[in-house]
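Protein chains in written order, with my numbering: chain Y, 69 to 352; chain W, 69 to 352; chain R, 69 to 352; chain U, 69 to 352.
Even glycine gets a Cβ: it sits at the ideal position worked out from N, Cα and C.
Here is the structure we will look at.
Number of protein chains: 4
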Amino acid sequence: MKNSAILLISCKDKKGVVAEISNFIFKNNGNILHSDQHIDFETNTFFMRIEWDLTGFRISRDKIIEKFKPIIKKFKIKYELKFSDYVPKVALFVSKYDHCLIDLLARYRAGEFNCKIPLIISNHPDLKDIAEYFHIKYYIFPITKENKISQEKEELKLLKKENIDLIILARYMQILSGKFIRHYKNRIINIHHSFLPSFAGANPYKQAYNKGVKLIGATSHYVTEELDKGPIIEQEVIRVSHRDSLEKFIGKGKDIEKIVLARAVKLHLENRILVFKNKTVIFD
Amino acid sequence: MKNSAILLISCKDKKGVVAEISNFIFKNNGNILHSDQHIDFETNTFFMRIEWDLTGFRISRDKIIEKFKPIIKKFKIKYELKFSDYVPKVALFVSKYDHCLIDLLARYRAGEFNCKIPLIISNHPDLKDIAEYFHIKYYIFPITKENKISQEKEELKLLKKENIDLIILARYMQILSGKFIRHYKNRIINIHHSFLPSFAGANPYKQAYNKGVKLIGATSHYVTEELDKGPIIEQEVIRVSHRDSLEKFIGKGKDIEKIVLARAVKLHLENRILVFKNKTVIFD
Amino acid sequence: MKNSAILLISCKDKKGVVAEISNFIFKNNGNILHSDQHIDFETNTFFMRIEWDLTGFRISRDKIIEKFKPIIKKFKIKYELKFSDYVPKVALFVSKYDHCLIDLLARYRAGEFNCKIPLIISNHPDLKDIAEYFHIKYYIFPITKENKISQEKEELKLLKKENIDLIILARYMQILSGKFIRHYKNRIINIHHSFLPSFAGANPYKQAYNKGVKLIGATSHYVTEELDKGPIIEQEVIRVSHRDSLEKFIGKGKDIEKIVLARAVKLHLENRILVFKNKTVIFD
Amino acid sequence: MKNSAILLISCKDKKGVVAEISNFIFKNNGNILHSDQHIDFETNTFFMRIEWDLTGFRISRDKIIEKFKPIIKKFKIKYELKFSDYVPKVALFVSKYDHCLIDLLARYRAGEFNCKIPLIISNHPDLKDIAEYFHIKYYIFPITKENKISQEKEELKLLKKENIDLIILARYMQILSGKFIRHYKNRIINIHHSFLPSFAGANPYKQAYNKGVKLIGATSHYVTEELDKGPIIEQEVIRVSHRDSLEKFIGKGKDIEKIVLARAVKLHLENRILVFKNKTVIFD
Chain Y
69 MKNSAILLIS
79 CKDKKGVVAE
89 ISNFIFKNNG
99 NILHSDQHID
109 FETNTFFMRI
119 EWDLTGFRIS
129 RDKIIEKFKP
139 IIKKFKIKYE
149 LKFSDYVPKV
159 ALFVSKYDHC
169 LIDLLARYRA
179 GEFNCKIPLI
189 ISNHPDLKDI
199 AEYFHIKYYI
209 FPITKENKIS
219 QEKEELKLLK
229 KENIDLIILA
239 RYMQILSGKF
249 IRHYKNRIIN
259 IHHSFLPSFA
269 GANPYKQAYN
279 KGVKLIGATS
289 HYVTEELDKG
299 PIIEQEVIRV
309 SHRDSLEKFI
319 GKGKDIEKIV
329 LARAVKLHLE
339 NRILVFKNKT
349 VIFD
Chain W
69 MKNSAILLIS
79 CKDKKGVVAE
89 ISNFIFKNNG
99 NILHSDQHID
109 FETNTFFMRI
119 EWDLTGFRIS
129 RDKIIEKFKP
139 IIKKFKIKYE
149 LKFSDYVPKV
159 ALFVSKYDHC
169 LIDLLARYRA
179 GEFNCKIPLI
189 ISNHPDLKDI
199 AEYFHIKYYI
209 FPITKENKIS
219 QEKEELKLLK
229 KENIDLIILA
239 RYMQILSGKF
249 IRHYKNRIIN
259 IHHSFLPSFA
269 GANPYKQAYN
279 KGVKLIGATS
289 HYVTEELDKG
299 PIIEQEVIRV
309 SHRDSLEKFI
319 GKGKDIEKIV
329 LARAVKLHLE
339 NRILVFKNKT
349 VIFD
Chain R
69 MKNSAILLIS
79 CKDKKGVVAE
89 ISNFIFKNNG
99 NILHSDQHID
109 FETNTFFMRI
119 EWDLTGFRIS
129 RDKIIEKFKP
139 IIKKFKIKYE
149 LKFSDYVPKV
159 ALFVSKYDHC
169 LIDLLARYRA
179 GEFNCKIPLI
189 ISNHPDLKDI
199 AEYFHIKYYI
209 FPITKENKIS
219 QEKEELKLLK
229 KENIDLIILA
239 RYMQILSGKF
249 IRHYKNRIIN
259 IHHSFLPSFA
269 GANPYKQAYN
279 KGVKLIGATS
289 HYVTEELDKG
299 PIIEQEVIRV
309 SHRDSLEKFI
319 GKGKDIEKIV
329 LARAVKLHLE
339 NRILVFKNKT
349 VIFD
Chain U
69 MKNSAILLIS
79 CKDKKGVVAE
89 ISNFIFKNNG
99 NILHSDQHID
109 FETNTFFMRI
119 EWDLTGFRIS
129 RDKIIEKFKP
139 IIKKFKIKYE
149 LKFSDYVPKV
159 ALFVSKYDHC
169 LIDLLARYRA
179 GEFNCKIPLI
189 ISNHPDLKDI
199 AEYFHIKYYI
209 FPITKENKIS
219 QEKEELKLLK
229 KENIDLIILA
239 RYMQILSGKF
249 IRHYKNRIIN
259 IHHSFLPSFA
269 GANPYKQAYN
279 KGVKLIGATS
289 HYVTEELDKG
299 PIIEQEVIRV
309 SHRDSLEKFI
319 GKGKDIEKIV
329 LARAVKLHLE
339 NRILVFKNKT
349 VIFD
């Protein structure tokens, strides 16, 4: 694996933006590994993900933004700069369902995710032994209406201490406060067990069952203050029929929850997602 | 193709119902070709679709119900009796979009549907030449707020005259009145261009586009008085991405609209659908 | 959950077979819970899966076949009789890949499978700690060309001792001998990591990658003496593109391997599969 | 719609290629609308599709290649240059099946394809009336073993006369000679009614039915001299079960044949396909 830099960019579309960015990298002896762009013609917005090999690149990492500044100013660019050898720290939030947790940790151990998972936070003790088996710290923060705000404060303290970059709600059955969410804007990924926007809120499988749909879905999205309304990252569906009881809906749904959540996590960790106006641009 | 009888049944589940029905057919020298049943354990309701060869069957068609009466009474059965050699008469309702219409008529001509389509009704003249090419009568009933009720009356008169059994709304862009619908309960199939219950009502592709979903869908359902809320017959989805403009959403969506509508029509014409509490039981 | 009996049946199609079987159950006070049948018109073969509640059934389990004999003889029926409260014993065979093993064991622990898994057999020690975590015995039988036959003998001895009903090859990378397979006819389920019959044999992902297919697949099937040619139970595919490296093919493939294998195991354990002429009839 | 130029490029990957190409366009006052690239790391090959607005571009169309020459030479680039306002001429080849033909022509009339279809060639008269309805010339070239070479010569003459750019085999049931194919390298698209490489050759649905697969597929590909072995453009599958007769396989298959062929045609007409070593790179 090469060490590379990844630039995620958005700005008003204007002549020359691709050329100037490509040139900036080339002139400084960078070899472009991937470059993908997208223009939203409705809003005339330009998006780009460009990744280049750092071997032989003439600018040191900490100086890249400084040297890139003139282009940023010229095109009024919003940017994020990432390095492929940076290993993000990830915290998992869980409650009692274990299927997403085991799936994520098995993938993690198999090397599917470029991250470090130092800890799991839960409002219940139930999944502690899974954490132990995978040698990951497990913190229990029971949540009640009364203690929610103080518990979230403690959680935040812990997350800061561990330098957490990304939070994954792996079927965490508590609603996070707006205050908490603002600390991790576009850095909390949730899996909702329906094909959003259908069946937001509680008991989506029950809702789907009662409605008599012929396909059920799962949706991974960034968490925003409006419940189940954040930018969608990935969705998948699976066929059901009248023969499927509610229990079968839940069983089939679990299979796609795991896949949809894992895909979203991978996309985020590979710096392939740009959020724009409550939608995602995904450079895959 | 054998001439067969098809019995669609629902009743409270009770010991012996399968045995008595099977026996009734067997004793009268009928050979069962297909038999499928389903129990809804929540409501303890029994559903059955049973089809038997009429060759050598000892009861003439018009006497079957009479002879079957004791079983109907014993189990308080709701039933429909159909004959495979009956060719239902179907009316298509269209507006300006032609993709579903052409697709249905091409399938019809290729023999995919066991039905006769004597007429097309439209509120616009646009698709008349397609009707002509396929040698089907095309009636234009322009609809305004003012004339809607009187036009529907005329339409109903025409439908009765032609002995229409089934109405297919192949992207018909008018909302039918409750009065009209009651004449064809569970006999009007609509195609809605979204994955219901998401994006009911107008402009579903625009809604889906704005929401940033990663899959778009189509739903065929029986029309009820509540708009886009009738029993779902079939659904399908197709993947979209941020690269797809609204126009691409519409283009991709058309492909699944055609398939989903055609599947629903086929299921209905083969007498495979039972409606129960705003859901469908589909014996496929 | 009710205790029920399940009869899986095949015979030449003949008038009265459904009626006589239904009647037999009804007369003896059995309540039919599910009944599904299928006729293969090419070979005129009748298949049935019928399940009835044993509560109040007048024939004791061990006498059912005896009492059912006249019908068996009359229609020359091949049958299997199963009881829903029987818990089959299952052995898992693995090598070094852990994704299917962990997935199966997590589902097992979550109660998705009606079975007992007393042991895992492997030709490598690598996955021992997973077995330990799930408290399942792990036996290592290293396989070489020379010791294969004697090792299989030992394995068979162990499987008999543990009364194993079903063997699951969860990415087991050894080819079983015909002799071994004959001991477990239609009772060994394999997962092959391609959309069979494409890419049978070694390195299917490499083959698929070189061919440039746009979808890759996974296939679960019963093991027969011809490699990767046994009756197919379940298949699934996932989209790939030129952007996907061979490693990505393998990663995406793993996701469907897990699902396809788990579905096949479930279908087998619920006695929903009949094998007929190297194909499966699946009563779902 | 803007008039744009599209450059499809492949070469050995080397530092600076993106930058130099982007720069070339920018310096000459072109606004890049889309730019997508791909590196095949196995062969170290660089692929690019770049599209720019011609409004205000300082080089006239016929001079672009000349001015671009230095970059072509420096990187040893293979290229194709296309213009979005060029309307390719397309010939359809058909035999007796009408589903793909009607579907393509209905899409064509609805404006889905950027092309002109001046003629249809068939070895049978059966589909002539469809051609007439859509006002397209229909030429009949009956093919026998004896006259095949001379008939192909006549066909080629006609295709040249009409300046045909692309040939679509819409279920054309004749095998084209190598000689014919060489005239239209990577410009003949076929639809094969199986999930290739499974079930190449004759009667793929029958083969699939006999094998007992649980999904059937369709594959669109460029025609090469080896039958059904050309570069795959697009594939899709649909679920089948033991309940589906061979006729149902064929019916379900038709639905995906139409979609898969239409997608491939669209990709080709939008200049999104690069062929490399019997595989396709698809810039979607």
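Is there a C-beta anywhere in chain B that falls below 8 Å from the one on K157/Y?
No chain B is present in this structure, whose protein chains are Y, W, R and U.
What residues from chain R crowd round L283/U, counting only those whose CB sits closer than 7 Å?
Q303 and V305
With 16 other Cβ atoms within 10 Å as the buried cut-off, status of I232/R:
buried
Rounded separation between G84/U and G124/Y - CA only
13 Å
Simplified DSSP state of L244/R, which is helix, strand or coil:
coil
Within the continuous beta strand (DSSP E) that includes R117/R, where are the two ends?
T113 to D121
For N346/R, which residues in chain U fall below 8 Å Cβ to Cβ?
G280
State the beta-bridge partners of G285/W as determined by DSSP.
V305/W
Would S218/Y be called buried (16 or more neighbouring beta carbons within 10 Å of its own) or exposed?
exposed
By Cβ distance below 8 Å, which residues in the same chain neighbour K205/W in space, the five residues on each side in sequence not counted?
P186, L187, I188 and A199
For I340/U, go through chain W and note every residue whose CB falls closer than 8 Å to its CB, in chain order.
In the sequence as presented, Ile is not what sits at residue 340/U; that position holds Arg. Within chain W, no residue comes near R340/U; the closest Cβ sits about 11 Å away, beyond 8 Å.
Can you give me, in chain order, the residues of the stretch 244-266 of chain U that have a beta carbon less than 9 Å from any beta carbon in chain R?
F263, L264, P265 and S266
Cut-off 8 Å between Cβ atoms - residues of its own chain near S309/W, not counting five sequence neighbours on either side
K282
At which residues does the beta strand (DSSP E) containing S190/U begin and terminate?
K184 to S190
In the DSSP output, which residue or residues are listed as bridge partners for S103/Y?
I118/Y
Beta-carbon of H192/R versus every beta-carbon of chain Y: anything under 8 Å?
no
Inter-residue Cα distance where the pair is I327/W and D323/U
7 Å
When the Cα atoms are used, what is the spatial distance from K229/R to E222/R?
11 Å
On the premise that I235/U lies in contact with F161/U, defined as a C-beta separation below 8 Å, what is that separation, rounded to the nearest angstrom?
6 Å
For K83/U, go through chain Y and note every residue whose CB falls closer than 9 Å to its CB, in chain order.
F94, N97, G98, N99, I100, D121 and G124
Going by CA-CA distance only, name the one from L244/Y, S163/Y and L335/Y that's closest to K316/R.
L335/Y
In the DSSP assignment, what are the bridge partners of D108/U?
T113/U
Residues of chain R with CB under 9 Å from D166/Y, in chain order?
A174, R177 and A178
Is it right to say A276/R is buried, meaning 16 or more other beta carbons lie within 10 angstroms of its own, or is it exposed?
buried
Could you tell me whether the Cβ of S288/Y comes closer than 8 Å to any Cβ of chain U?
no
Is the shortest distance between the beta-carbon of A330/U and the beta-carbons of chain Y less than 8 Å?
no
Give the range of the beta strand (DSSP E) segment to which N258/R is assigned.
I256 to H260
Give me, in chain order, the residues of the same chain whose beta-carbon lies closer than 7 Å to that of H261/R; leave out the 5 immediate sequence neighbours on both sides.
P272, Y273, A286, G321 and E325
Could you tell me which of K225/R, D296/R, I74/R and K82/R sits nearest to F267/R, measuring between CA atoms?
D296/R
By the three-class DSSP mapping on this structure, what secondary structure does V343/U have?
strand
Contact defined as beta carbons within less than 8 Å: I believe K144/W pairs with K80/W. What is the distance between those atoms, to the nearest angstrom?
7 Å
What residue ranges within the stretch 191-236 of chain Y form continuous alpha helix (DSSP H) runs of no fewer than 4 residues, ordered along the chain?
196-201 and 216-229
So for F263/W, helix, strand or coil by DSSP?
coil
In terms of residue numbering, what span does the alpha helix (DSSP H) encompassing S90/Y cover?
V85 to K95
Please decide whether A87/Y counts as near chain U, where near means a Cβ-Cβ distance under 8 Å.
yes
Please classify F151/R: does DSSP put it in a helix, a strand, or coil?
strand
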